[in-house]
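Novice:
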Amino acid sequence: GWKNLIKIVSASNSEENYYRKPRLSIDKLKALVNGKNLIAFCGHMGSYLPDLIEQHPDNYKKHCLSFIDEMKDIFGNENFFLESQLMDQEYMPKQIELSNIMKDLSSLSKTKVICTPDAHYSEQEDAIDQRILLCNNIKTTLTNINKKIIDGESVPFDCFFKSDKYYILSPEEMAELHSEEEIENTQLIDSMCEEYDILNKPLLPPFKCPNGQNPDEYLRQLCRNGWKEKIANNVPKEKHEMYTDRIKKELEVLQGADLSSYFLIVSDIVNHVRSQGWLPGPGRGSAAGCLVSYLIGITSIDPIQYGLIFERFYNSGRNTEGRVSMPDIDVDVPINKRENIISYIRNRYGGDKVSQMITFNTMKGRGALKEVLRVYGNISFDEMNKITKFIPDEAKIADELQEMKADHGEASIIRWALENNADKLKEWCYVSEEDNSKLAGPLAKRFEQAIRLEGTKSNQSKHAAGVVISSLNLSDICPMIYDTKNKTTIAGMEMQDLESIGIIKFDILGVAMLDKVMSISDILLNGE
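According to the numbering used here, the stretch in the sequence shown is residues 1496 to 2023, in order.
(1) Measuring straight from C-alpha to C-alpha, what distance separates ASN1720 and GLY1860?
(2) Within the continuous alpha helix (DSSP H) that includes GLY1961, where are the two ends?
(3) My assumption, with CB atoms under 8 Å, is that VAL2035 sits in contact with VAL1826. Please give the rounded CB distance.
(4) Rounded C-beta distance between PRO1697 and ILE1999? I'm assuming under 8 Å.
(5) Is it a yes or a no for the stretch 1929 to 1937 touching the stretch 1805 to 1822, going by three-plus beta-carbon pairs under 8 Å?
(6) Taking the straight line between their C-alpha atoms, what separation do you get for PRO1888 and ILE1946?
(7) Taking Cβ to Cβ, would you say LEU1577 is nearer than 7 Å to GLY1538?
(8) Could you check whether the stretch 1704 to 1712 touches the stretch 1646 to 1659, counting it as contact only if at least three pairs of C-beta atoms, one from each stretch, sit closer than 8 Å?
(9) Can you give me the start and stop residues for the beta strand (DSSP E) that TYR1977 sits inside?
(10) Beta-carbon within less than 7 Å of LEU1759's beta-carbon, same chain only, minus the 5 sequence neighbours each way: which residues are those?
(11) From LYS1940 to LEU1864, what distance separates their C-alpha atoms?
(12) Scan the stretch 1666 to 1719 and note each continuous alpha helix (DSSP H) run of 4 residues or more that stays entirely inside, going in chain order.
(13) Can you say whether ALA1526 is buried or exposed, counting buried as having 16 or more other CB atoms within 10 angstroms of its CB?
(14) Check the C-beta distance from TRP1497 over to ILE1693 and give it rounded, since I have them as a contact under 8 Å.
(15) Helix, strand or coil for GLY1784, going by three-state DSSP, please let me know.
(16) Let's test the definition: count the other Cβ atoms within 10 Å of the Cβ of LEU1948 and tell me whether it reaches 16, buried, or not, exposed.
(17) Tell me the DSSP bridge mates of VAL2006?
(18) Quick one, which of GLY1571, ASN1641, SER1788 has its alpha-carbon nearest GLY1872's?
(19) Who pairs with LEU1934 in a beta bridge, going by DSSP?
(20) How far does the alpha helix (DSSP H) with MET1858 in it reach, from first residue to last?
(21) Leaving out five residues on either side along the sequence, give the residues of the same chain with a beta carbon under 6 Å from the beta carbon of ASP2010.
(22) Is the stretch 1977 to 1991 touching the stretch 1721 to 1733, taking contact as three or more C-beta pairs under 8 Å?
(23) Whether or not the stretch 1542 to 1562 and the stretch 1629 to 1637 are in contact is what I'm after, with contact meaning three or more pairs of Cβ atoms, one per stretch, closer than 8 Å; do they touch?
(24) Note down, in chain order, each residue of its chain lying with its Cβ closer than 7 Å to the Cβ of TYR1555, except the 5 sequence neighbours on either side.
(25) Going by C-alpha distance, which of PHE1885, ARG1843, SER1850, THR1854 is nearest PHE1862?
(26) Tell me the DSSP bridge mates of LEU2040?
(27) CB THR1611 to CB GLN1580, shorter than 7 Å?
(28) On the criterion of 16 or more Cβ atoms from any shown chain inside 10 Å, does SER1970 qualify as buried, or is it exposed?
(29) Report the rounded CA-to-CA distance for HIS1735 versus CYS1718, giving the unit in angstroms.
(30) In the DSSP assignment, find the unbroken beta strand (DSSP E) run with ALA1986 in it and report its ends.
(31) For LEU1600, count neighbouring C-beta atoms within 10 Å of its own C-beta (all shown protein chains included) and say buried if the count is 16 or more, exposed if not.
(32) Less than 8 Å between the CB atoms is what I'm expecting for ILE1796 and ILE1824, so what's the real figure, rounded?
(33) Compute the Euclidean distance between the alpha carbons of ILE1678 and PRO1666, then round it to the nearest angstrom.
(34) With a Cβ-Cβ cutoff of 7 Å, do GLY1784 and LEU1803 count as a contact?
(35) Does LYS2000 come out as helix, strand or coil in the three-state DSSP assignment?
Structural data, given as C-alpha cells:
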C-alpha cells in the first residue's frame, strides 16, 4: 500500500500529468493501483461526486452510481467509502443536503458512509492564524478581505474567512453531528490500516572499488596513500604517533558505522572536480576536523595542525541500534560547474537513484512579525521596519535559541528579542511584569500571533545544495514531486525524513568565489 501510494503521487507529479497541481485521470489511476491495498473515499464538497451532482442535477444518481462502481473496481468493494461532512453546516447549509444524498447513494450502492471534518488547523482558535497565512498566500490584507465580504464580493477561500469550523473536531463534537454508524465506519478504516515501518538504515550504493577490494579495505588503502603523501615526510616524526592514534580512532568509528562508502563517494565527487581542472573548496565547517577526509583528499586542511576536533564533526554517541547518524560534509564547487557535477553524479550512480530534493521555507522572527503586521494593514511600512529591526537574524543568536529550547522545550526569536532588547521594543510590546508568560503593550496581540507562526512552513522550493543518492530506485521508496521552477522532478521529502528512510543527502554547494579564483588563475597563467 505504501509503495503504491508513492507510485501514484510520483505519477501525478510527472510532467505529463502535472497541470497547476498534481493530478491523475481515473484511467491513469486505475492503471497504477496495484492490488486491493489502498482505501479511498469521496463525497465532501469540491470532490468528484458533488461535482457530478452539480453537472447532472436531473439524473445525478445514474452518474454517481457508475462512478462508485468504478471506484470499487479499482480499490475493492470493501475499500471504497462515501463521505459525510457536517462540521460547517451553519455557514454552509449545502453540507446537509450533500450528506443526505450520500446516505441515499449509500443505500442504493451498498457502500458504507464515513464521517470526516475538513481540518485545516488543529484548534478552533487557530483560525485567525490560518487567515494570516492565507492572506500571505494571496497577497492581500484582512482589511481588504473583510471589505469584500461586507460588499458581497467574491473572496478566495471565503469559507475560511467566514467560519472557524475547519479544525480537528473532538469525538464528542463529531458524535453530535453524525450517526453512530458513520462513526463506526470511520473507526473501521482505522482498524483496516496495518502498521508498517518505512524507516531504514542508510541505503548507500556500494562504492565500486578497484582490485576486488571492499569499501572498508579501499578506504584504508586511500588513507595509507594519503599518509605517504601528506604526513610521512611533511610532519615531524615525533608527532606521527598522534596522527596514528587519530586515524585509528576515526576509522574505527566510521567503519563501525558502515560509512566507508559515504566517504568514498564524497572523495570521488571531489576528485572528479579536480580532474576537470576545476577548484573545489578546501573544507567547510566541522568536516575539516576529520583526518580521514584530509588524507583521502576531501578536504585540504590538516585537522591536527589546527587543533580541530573529530567529535565536533561526527559523534558516534548519536547512533542507536536502529539508526545511524550520517556525517555532513559540504562540498564547495564553482557555481558555474555545479550542474555539470550533478550530471556526473547521476551518470555515475544512476539517474533513477540520484535526485535533488525539496525544502520548505519557514516564517522566522522578523519575517513572521512583519507578515502579521502587514496583513492587518494598519501599520506603515516605515514603522514595520522600525519595529522589526530589533528582531535579530536566527544565525546571530543560534546558541541562545538552543539554550532556550533546552530550558523551555521551544525557542522563539521574537521572544528572545523581547527579553534581550526589551528597552528598544517596549514602545510596542513587552513581557508582563506580573506574569512573564504573557505579553503586554499596544501590539502584544500581534507579537503573540507572530510567535505562534514562527516555524510555520510558508512555501516550498528546491534545496539549494542537497543531492540525494540511494542504492534503490528513488521512485520506489520516496514520492517524487514536480518542481515547477526547474521543470523537473525532485525527491518530495525534506532531508531529515529522507535520512530516516535511508536516503542519503550530499551537499554540493555552488560558491561564486571559486569561479572568480579560477578566472584570475586563468588570466595569470595565460597572460591575458
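Where is the CB? At the ideal position from N, CA and C, for every residue including glycine.
Specialist: If we stick to the structure as given:
(1) Roughly 49 Å separates the two Cα atoms.
(2) It is not in any alpha helix (DSSP H) - GLY1961 instead sits in the beta strand (DSSP E) that spans 1952 to 1964.
(3) No answer is possible for residue 2035: it lies beyond the span of the chain, which begins at 1496 and ends at 2023.
(4) Sure, about 6 Å apart at Cβ, within 8 Å.
(5) The stretch 1929 to 1937 is not in contact with the stretch 1805 to 1822.
(6) Per the sequence shown, residue 1888 should be read as Asp rather than Pro. Distance between the alpha carbons of ASP1888 and ILE1946 is about 15 Å.
(7) A contact, by the Cβ cut-off of 7 Å.
(8) At 8 Å Cβ cutoff, the stretches do not touch.
(9) It spans 1975 to 1978 - the beta strand (DSSP E) in which TYR1977 sits, taken as one unbroken run.
(10) In the same chain as LEU1759, and ignoring 5 residues on each side of it, the C-beta atoms closer than 7 Å to its own belong to PHE1702, PRO1710, TYR1713, LEU1714, in chain order.
(11) Straight-line spacing of the CA atoms in LYS1940 and LEU1864 works out to 11 Å.
(12) List check, alpha helix (DSSP H) in window: 1666 to 1672, 1675 to 1687.
(13) Classification for ALA1526: exposed.
(14) Going by Cβ atoms, the distance from TRP1497 to ILE1693 rounds to 6 Å, so yes, they are a contact pair.
(15) Here DSSP, grouped into helix, strand and coil, assigns GLY1784 to helix.
(16) Buried, since its Cβ has 16 or more Cβ neighbours within 10 Å.
(17) Answer is PRO1829.
(18) Comparing alpha carbon positions, the residue from GLY1571, ASN1641, SER1788 closest to GLY1872 is ASN1641.
(19) For LEU1934, DSSP records a beta bridge to VAL1926.
(20) First-last for MET1858: undefined, no H or E at that position.
(21) PRO1829, ILE1830, ASN1831.
(22) No: fewer than three Cβ pairs fall under 8 Å.
(23) Under the 8 Å Cβ criterion, the stretch 1629 to 1637 does not count as touching the stretch 1542 to 1562, having fewer than three qualifying pairs.
(24) Around TYR1555: LEU1547, ILE1548.
(25) Note that residue 1862 is Gly in the sequence shown, not Phe. Ranking the options by Cα distance to GLY1862, first place goes to PHE1885.
(26) This structure cannot settle anything about residue 2040, because the visible part of the chain is limited to 1496 through 2023.
(27) Yes, the Cβ-Cβ distance between THR1611 and GLN1580 is below 7 Å.
(28) In the assembly as shown, SER1970 is a buried residue. Its beta-carbon has 16 or more other beta-carbons within 10 Å.
(29) Taking the straight line from one Cα to the other gives about 14 Å.
(30) DSSP places ALA1986 inside the beta strand (DSSP E), whose first and last residues are 1983 to 1986.
(31) It is buried - the Cβ of LEU1600 has at least 16 other Cβ atoms within 10 Å.
(32) No, ILE1796 and ILE1824 are not in contact; Cβ-Cβ is about 13 Å, not under 8 Å.
(33) Looking at the two C-alpha atoms, the distance is approximately 9 Å.
(34) Yes, the pair counts as a contact, with Cβ atoms nearer than the cut-off.
(35) Strand, per DSSP.
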